[in-house]
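Here is the structure we will look at, set down as structure tokens.
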Amino acid sequence: MTGPLPLPYCSLAYFRMATAQLPHGNCSTSAPSFLCGAGWNIPSPPVRNGMVRSASRRHGSRRGSERIRSFGCGMAGISGGADPVGRLLVQVQNDLEHLKKKLVQTSQENGVTVDVQVLETAIQRTELGLRKHTQDYLNYINCSPMTILHDNKEKYTTRVSKWAPQLEAAKQNQKSLVSDLQNTRPHPPTSHTSPGQQHRLTLSTRIMCNPGNLTHRDLLSQNYGISLPLISGKPKPSVPIERIARGPTVSHLSVLPASHRMDASLPPPPVHEKDIQKGILSLIQRGLIPPAARLTLVPPAIKQQPLSLHGAHARRTATYTQGKARNHIKTADTSFDADHIHENTSSHLDESENQLPERGLETPSPSHNVSAKTTRTSTNVAWKEQQGFISPESQDAWALTPVTPDTGHYFTIHNCLLDPTAADFQVFKQHYCFSWGSFITFLESLQKLLQNYAIPTAVVNGDKMIAATLDQELGRTPSVSQLLSVLENRSWVQKLLSHPGQRYKGRDGKEAAAQKIQATWRGYRERVAYLAYRRQRWAAGVIAIAWLLHVQKSRVKKMLQESRERHLQNFRSRWKHLASNWNHIRTCRRSIIHIPSLGYTEKQRTQTLDLHIQQNLQIGRLCDIADPNVDVIYISPVKLDEETEQYYRKLLGLRAAVLSGNPLDATELHDRFTILTPEAVNRFPNHHMCLSTLLKYSPKTLQRIRNLTQGRETYVVGRVPHSDDLAVADMIGVPILGTEAEVAHLYSTKSGGKRIFTSANIPTPPGVYDIYSQEQFYTSLCQLIIDNLPVTRWLFKVDDEFGRNGTAFCDIAAHLPCYAWAVKERRRYSEETWKQKWAQEKVLQRIAQELPQVLEHYGQPENRSRNPTWDKFLQALVSRGGVIEAFPPAESITCLTIDLLINPDGEIQMLSCGDQIHGSSPLQCVGSSVPQCSVPPDIITSMCNRIGEACKTRGVLGYLSVELLTFIDTQSLEQQIWATDLDLCYSDQLAMTQLMLYLTNGTLDCRNSRLTVPIVPKKVERPRHKAQPAENIILDRVAVLSTRLVHTNLSLVYYNVFFQMCKAHGIGYDVKEKQGTVFALLENQKRHRIGMMSIAEDLQGALMTFARNLFIIHQEISAPNMQGETNFKETVQEIETILGVTEENKLEFEG
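Be aware that the sequence shown starts at 621, since it is given in our numbering, and climbs by one per residue.
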């Protein structure tokens, strides 16, 4: 063989040198000392039955790997794969062992000296075997990096071998592989290495690093007599000098361009293969894949397949069949011999480890333990299937006797006792000997639990017990769930534990039962006592809370009473000041605060639809600025937008044009009036508070009112009085031109008005007031029917209701069965005789029998939303008080509204009078015509004076409204006038009358029922000497007023569009002629309500203008399929009826 000496040959020479110096008896039991000192730790393989065992069963992997690492001191360690050097070493050891035995045997038998030639022949045979595998080994190591291990990296430097070109490539990676071998191989402790051994180790390492050095050759020749062959020197290959690379060494990854991020319509950039290899997450982060893209794996990572489901019955049947088949297997046939299994398993492992592959010794992989554990687990599972383990729930408690294999992981507790002599327990104890200390305490607790509940059989799992005993090592007492967690038949044991009475079958069961009974009885007794105590304590708490609430309520009530009493006293004192200085105040510069608040009860306000709009119907109060000495502060219940405020500024600015008769003089008025909205309107949108209450809780608005009224005479004009009106007036410090709230509520009721009319000798409809029981109601109504048989319809009114909300009627003549018979009975007697009780008794009894049923079926409440049935209306009437009055027995009825003012000085003024215009019902007022023309003015004046005097005597002052009705009596053919209602408040008719007088500069003479307006004559050019000042022409006018026009389609049209539409149809107001149409905007949110006033020369013209306007507006804002909810049609029909009567009267007067 030519060329450099192979590395295995050098290693063999070292081995021969070492074995030649050792005694023959130790050549097979230890490795050369220089190899051991270098850290290769070559153990001598034990000899058994003439075969070399590689390792024991448990430590075969570690020792086998050490054997692989042991032979390679002169070459690099080989990682992975089969190493032929290890096999050769074993063969060399076997040959030497056989040679040793042969020499010993020969010397003992013959007693002659062994021939050296024989030993030399054996060694040569071994060298031939080594040379045979040299070329294969060199080919093998050419593919594997080789590393030289040494202790100090700084002391020795790696050199390139001159005679081993195959190692040059491996020497380049020497540093990294040395660190890997040092991390994976255990090092011998330094304390066992002597200085001499360290020197020998260093010397050997030097020789191995550079065996071609001349010094090393001489050293080997002098010390060991080994002459290495002369190797011709070759030039050393030049080793490239590594330079430090500066700058980035990795190319940038491609990202989505900025233009593509801004414009998604651009085509996507190409994605290269190197970008795809970075993964989907990298592509998303760099923007190459949109974040919202829906990704789909092809083929999918999870393949969906249908899963067949079996019912619980099929499962129980299969379990029962398997258990029944397995129970027939005998216990002896299914038992296992633990020793036999252990021996067979050990021998199997030994045999498998002793078998050497043909390609060399295999190095076990690190996953050997995991696979072994998995194999054991699968073996246990297969063993359980062979043994026929059946769920304990399907077996009898005492017949269940599971058999466990002696694998050391399980053992069985029978009859609640641990058997230390049981084979499975012994194997279990031996297997877990290192954890037995904690197991003993845990098993004692488990045994106590099983004894307490008489559990016949329990199978303990050691692996589960290791996890369960961790808490016990921390000083915690194991719980029942932890004790049961170590059992294999946990479900069956847990079911047995939950069985009622199972605890009393175990140890000390009778004592436990007795304790349970005693504890239950004591618990029941204490529970009863505790419940009684808790009821008493709850009752005491309720009483205490009720008492505290009562005390608190009483204290608050007392405070409110004191506050209201103080407000009332201040109101009275300020009223006296107002009365004494009224003549001065009414002529001086003053401010009037208008608060159109509806101070009804909370229930009435809740049931009132659009309460805030109802309170804003009197926005015409702004026209009090017609007096140049008056400034108006109007408190609005709704927030007006800029468009609505601008409309009223322009409307009030027409005053200059009205006075001069020139439309060009119209301006936009910005001063002398202020519209304020309390800030509490937005804070309490759904509390249905009246305007006075909202103003009371609006400190900013109150402060602004103080600033506006500072230094001038001021008083408040309200609407429906409320206690908060006094509070607001007291906060501002001004008087109220009105009546006390309590007095106003008393006489504003239907019964209160009847009392005032009676005291003033004003004729009223036949009726009864102050009704508070059903018996009184039916008795009074029966008597009224008998006394007034010509009356065919009777009205029923609730005292504290307003409008038609608390009104009902019934046509007695049409629905009472005995009405015709009663009329015949009445004709039998004279008028004086009929007044006797005995004459009416028979009729009275029959009417009393039939009347309740007639009212129940034919009584009709006006407002069905408030009182849907007669029973509810009757209940409201008798609970809150009410009246019964007759409806006029005539075909034509006219209702009038008279507005009065009782000044603080006692003067009574008639401010407005008008005839009512009804809507869909004769009891519902929509508007009025001013002035009235139905009753002689002197009669109205006389009646109003008497009503005013009666009110003054009862302390009623300020504004009040009287409702009258007139008709022609069919019997006497005389005009009858009845007083029907009295409202102690500022009316809607009076507010619209103020607007009418402001825009016409007219005068309303209620004592003569005449409205006169001055007309500025047209200028006529005359000579200067004949020029005379032109006098105004006084003309009569009639106005039709309404604030209750409703049309839901108005909300679809903005106000500016609405006015343009009216202008296109000629609907407007002429400031010269003082006639035309004016609208009152009430709010700007829903916009479905509106006020309108038409002024003409006579009543017929005013009614026709009003009706024409309604017709045009309805046609413009309505479609055939969207008529909307409106009262325009009923109002036009009522006006047409009035026009017909007016035309007839006109013809009669002309005829």
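All C-beta atoms, glycine included, are put in the ideal place defined by N, C-alpha and C.
Model, not experiment: these values are computed from the prediction.
A residue is called buried when at least 16 other Cβ atoms come within 10 angstroms of its Cβ; A1152 does not meet this threshold and is exposed. With a cut-off of 8 Å on Cβ pairs, the segment 1294-1308 is not in contact with the segment 1192-1208, counting fewer than three such pairs.
DSSP places L1069 in the uninterrupted alpha helix (DSSP H) bounded by W1056 to Y1073. Contact between V1698 and P1283 is ruled out by a C-beta separation of about 14 Å, above the 8 Å threshold. For Q1695, the closest alpha carbon among the candidates D1718, T1041 and E1736 is that of D1718. Counting only the Cα atoms, Q1596 lies some 23 Å from K1455. Straight through space, the alpha carbons of L1260 and L1311 are spaced by roughly 15 Å. A Cβ-Cβ distance of about 5 Å is found for the pair Y1124 and A1133, placing them in contact under the 8 Å criterion.
With fewer than 16 other CB atoms across the displayed protein chains lying within 10 angstroms of its CB, Y1150 is exposed. Judged by DSSP in its simplified three-state form, A913 adopts coil rather than helix or strand. Distance between P1488 and A1428, taken at the CA atoms: about 11 Å.
DSSP places H1365 inside the alpha helix (DSSP H), whose first and last residues are A1361 to Y1367.
Per DSSP, C1545 is one residue of the beta strand (DSSP E) stretching across C1545 to V1550.
Just so you know, the alpha carbons of G1338 and A1159 end up roughly 49 Å apart.
In this structure, I1715 sits near R1657, with a CB-CB distance shorter than 7 Å. For V891, there is no enclosing beta strand (DSSP E), as DSSP gives it neither H nor E.
Bridge partners of R1154 according to DSSP: none are assigned. Residue range G1082 to A1088 is occupied by the alpha helix (DSSP H) that includes M1085. Annotation note: the segment 1439-1514 contains the following uninterrupted alpha helix (DSSP H) runs of length 4 or greater, listed N- to C-terminal: 1439-1448, 1451-1454, 1457-1478 and 1490-1500.
Taking C-alpha positions only, E1754 is separated from Q1396 by approximately 37 Å. Put simply, the segment 1502-1519 touches the segment 1584-1595. At least three CB pairs are less than 8 Å apart. Annotated three-state conformation of S1343 is helix, per DSSP. Residue pairing by DSSP places H1197 opposite no residue, since no beta bridge is assigned to it. Per the Cβ contact rule, the segment 1416-1425 is in contact with the segment 1367-1382 (3 or more Cβ pairs under 8 Å).
Two segments are said to touch when three or more pairs of C-beta atoms, one from each, lie closer than 8 Å; by this definition the segment 1599-1616 touches the segment 1380-1396. For the pair of segments examined, the segment 1620-1636 was found not to touch the segment 1669-1685: the number of CB pairs separated by less than 8 Å stays below three. The three-state secondary structure of D1656, taken from DSSP, is strand.
Q1224 is classed as buried because its beta carbon has at least 16 other beta carbons within 10 Å across all chains shown.
Per DSSP, T1226 lies in no beta strand (DSSP E) segment; the continuous alpha helix (DSSP H) that holds it begins and ends at E1222 to Q1227. Contact between L1531 and T1613 holds: their C-beta atoms lie close to 7 Å from each other, under 8 Å. In this chain, the beta strand (DSSP E) harbouring L1531 covers I1528 to H1538. Per DSSP, the unbroken beta strand (DSSP E) holding E1333 starts and ends at E1333 to V1337. For T1427, the pairing in a beta bridge is given by DSSP as K1417. Comparing C-alpha distances from L1617 to each of M1724, L1272, H1290 and Y1439 shows the shortest one belongs to L1272. The bridge partners DSSP lists for A1700 are G1711. Taking C-beta separations shorter than 8 Å and ignoring five residues to either side along the sequence, the partners of I1325 in its chain run I1213, I1253, L1296 and I1352, following chain order.
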